[in-house]
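According to our numbering, the sequence shown is numbered sequentially starting from -7.
Note that CB positions come from ideal geometry on N, CA and C, so glycine has one too.
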Amino acid sequence: MTITIADVAAAAGVSKTTVSRVLNGKGDLDAQTADRVRRVIADLGYVPSARAVGLARGRTRIVGMLVPSLTWPWMGEVLQGAVDAMEAAGYGLLLFTVNRGEDSMRQFAQQVSAKAFDGLLVVEPDGQTDYIAELYAGGLPVVLIDDRAARRPMFPSVGTTNRRGARSAGEHLIALGRHRPLVITGKTYFGCTHERVAGFAEAYADAGIAIDPDLVFEGDFTYGCGREAVLRSAGKGFDAVFAHNDLSATGAMQAVIESGRTVPGDVAVVGFDDLPLAAHAQPPLSSVHQPLREMGDAAARMLLAHFAGEPLPASPVTIPTTFVTRESTTAR
């Protein structure tokens, strides 16, 4: 049988409001009354709802996190960084995905209306920037992780140096004498795609080398798009591949090997993200390391600091990328 706050009030001979005040430490109460209520709580074994107590205190000690999908290869690292920071501070994480499109967003909106969480971490679902901006303008603390939009949102964000990371990939390939790269991008409506295209092109332009537009392939961050890009580019004489994520890079690398060419002898291959699969690919994949777990941690800590009274930063927080060299670009 579930013990309720009404049961405690009846047994202690006080109102439910008095029991609530004892639970939340609010107001001036007669010491004997408070002690009696506490004894009844212990005797009955009453366990108050954490959510109810949180709401009574004006805080749920829960943070919402809205992401497009859990199937994205790097999502686990970002989540782990956020979860570690939140759990260490005694907060829970309420996770929402947009796997069911509008139905998912309606369910999320209901939780927003119910004030089910104190703040929100977001990996932006497609087309939701304006809605999230409205929530932020309405007073909900929001921090965006991995700014993928083509335009900067009007709320705090944590990102990485996409442009600088792509430039480092280009500089590495140029140093190896690779002058005809096949570039496999992400979707063009992502901000990170534009930044990576620009950074890579800058490196080649500074070296006086023009990238052949026929060797730029719009992908979708999948293994299949990497394979398709290589197959479509057969006979075009590319000597390197720069893919905008590790998954498409490994697809490209496999297609190169299946075509009878060698990696890195004939074609050097570079990815982006530096997920665990990069180190375990055959050959191991050179990649631009994104600080994914650090991004999740930094975003969570920004919210936690805000809950403690600090203002959210007005400008984006950027964590630098690093380049990791493996056997896909340099022989053993």
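Item to check | Where the beta strand (DSSP E) through VAL248 begins and ends | outcome: Going by DSSP, VAL248 is part of no beta strand (DSSP E) but of the alpha helix (DSSP H) stretching over 238 to 250.
Next on the checklist: In the DSSP output, what is GLY263 paired with across the bridge?
Outcome noted: Note: GLY263 sits in a beta bridge opposite SER279.
Next on the checklist: If you reduce the DSSP assignment to three classes, tell me which class MET146 lands in.
Outcome noted: Three-state result, MET146: coil.
Next on the checklist: Residues in the same chain with beta-carbon distance under 6 Å from ALA273, minus the five sequence neighbours each way, listed in chain order, please.
Outcome noted: For ALA273, where only same-chain residues beyond five positions count, the Cβ hits under 6 Å are THR242.
Next on the checklist: Can you tell me where the beta strand (DSSP E) holding ILE124 begins and where it ends?
Outcome noted: Per DSSP, ILE124 lies in no beta strand (DSSP E) segment; the continuous alpha helix (DSSP H) that holds it begins and ends at 121 to 129.
Item to check | Assigned secondary structure, PHE299 (DSSP; H/G/I helix, E/B strand, else coil) | outcome: Correct three-state label for PHE299: helix.
Checklist entry - Which same chain residues, not among the five before or five after ALA142, have their C-beta less than 8 Å away from its C-beta? => result Note that ALA142 has pLDDT 47, beneath the 50 cutoff, so the model's placement of it is unreliable and no number is given.
Item to check | C-alpha gap between VAL175 and ARG318, whole angstroms | outcome: Note on geometry: alpha-carbon atoms of VAL175 and ARG318 lie some 19 Å from one another.
Checklist entry - Across which residues does DSSP place LEU203 in a beta bridge pair? => result Reading off the sequence shown, one finds Ile at residue 203, where the question assumed Leu. DSSP, once it has assigned bridges, lists no residue as partnering ILE203.
Checklist entry - Cβ of VAL135 within 7 Å of Cβ of LEU284? => result No. Outside cutoff.
Item to check | VAL11 versus GLU116 - alpha carbon distance | outcome: Whole-angstrom Cα-Cα distance: 42 Å.
Item to check | Among LEU223, ALA226 and CYS217, nearest to HIS236 - alpha-carbon criterion | outcome: Out of LEU223, ALA226 and CYS217, CYS217 has the C-alpha closest to the C-alpha of HIS236.
Checklist entry - CB-CB under 8 Å to THR63, same chain, minus the five flanking residues each way: which ones, in chain order? => result Short of 8 Å from the beta carbon of THR63, and not among the five residues preceding or following it, lies no beta carbon of its own chain.
Next on the checklist: For PHE230 and ALA195, I'd like the C-alpha separation in whole angstroms.
Outcome noted: Taking C-alpha positions only, PHE230 is separated from ALA195 by approximately 17 Å.
Checklist entry - If you draw a straight line from the alpha carbon of ASP118 to that of ALA2, how long is it in whole angstroms? => result Cα to Cα, the separation comes out at about 52 Å.
Item to check | Cβ distance (whole Å) where LEU85 is taken to contact MET67 below 8 Å | outcome: The beta-carbon distance between LEU85 and MET67, rounded to whole angstroms, is 13 Å. This is too long to meet the 8 Å contact definition.
Next on the checklist: Any beta carbon of chain B sitting closer than 7 Å to that of THR9?
Outcome noted: Judged by its chain identifiers, the structure shown contains no chain B, having just a single protein chain.
Item to check | Short Cβ contact (7 Å threshold) for PRO133 with HIS298 | outcome: Going by C-beta atoms, PRO133 is nearer than 7 Å to HIS298.
Next on the checklist: Rounding to the nearest angstrom, what Cα-Cα distance links SER225 and PHE100 in this structure?
Outcome noted: Their backbone Cα atoms lie some 43 Å apart in a straight line.
Item to check | GLY73 classed as buried or exposed, judged by whether at least 16 other C-beta atoms fall within 10 angstroms | outcome: GLY73 should be labelled buried.
Checklist entry - In terms of DSSP beta bridges, what is ILE176 paired with? => result Bridge partners of ILE176: PHE209 and ALA235.
Checklist entry - PHE182 lies in the beta strand (DSSP E); which residues open and close that run? => result No beta strand (DSSP E) holds PHE182; DSSP gives it neither H nor E.
Checklist entry - Whose C-beta lies closer than 6 Å to the C-beta of SER150 among residues of the same chain, with five residues either side of it excluded? => result Inspection of the sequence shows that residue 150 is occupied by Val rather than by Ser. Here the set comprises ILE137, MET287, ALA290, ALA291 and VAL309.
Next on the checklist: If you reduce the DSSP assignment to three classes, tell me which class ILE(-5) lands in.
Outcome noted: Here ILE(-5) carries a coil assignment [DSSP, helix/strand/coil].
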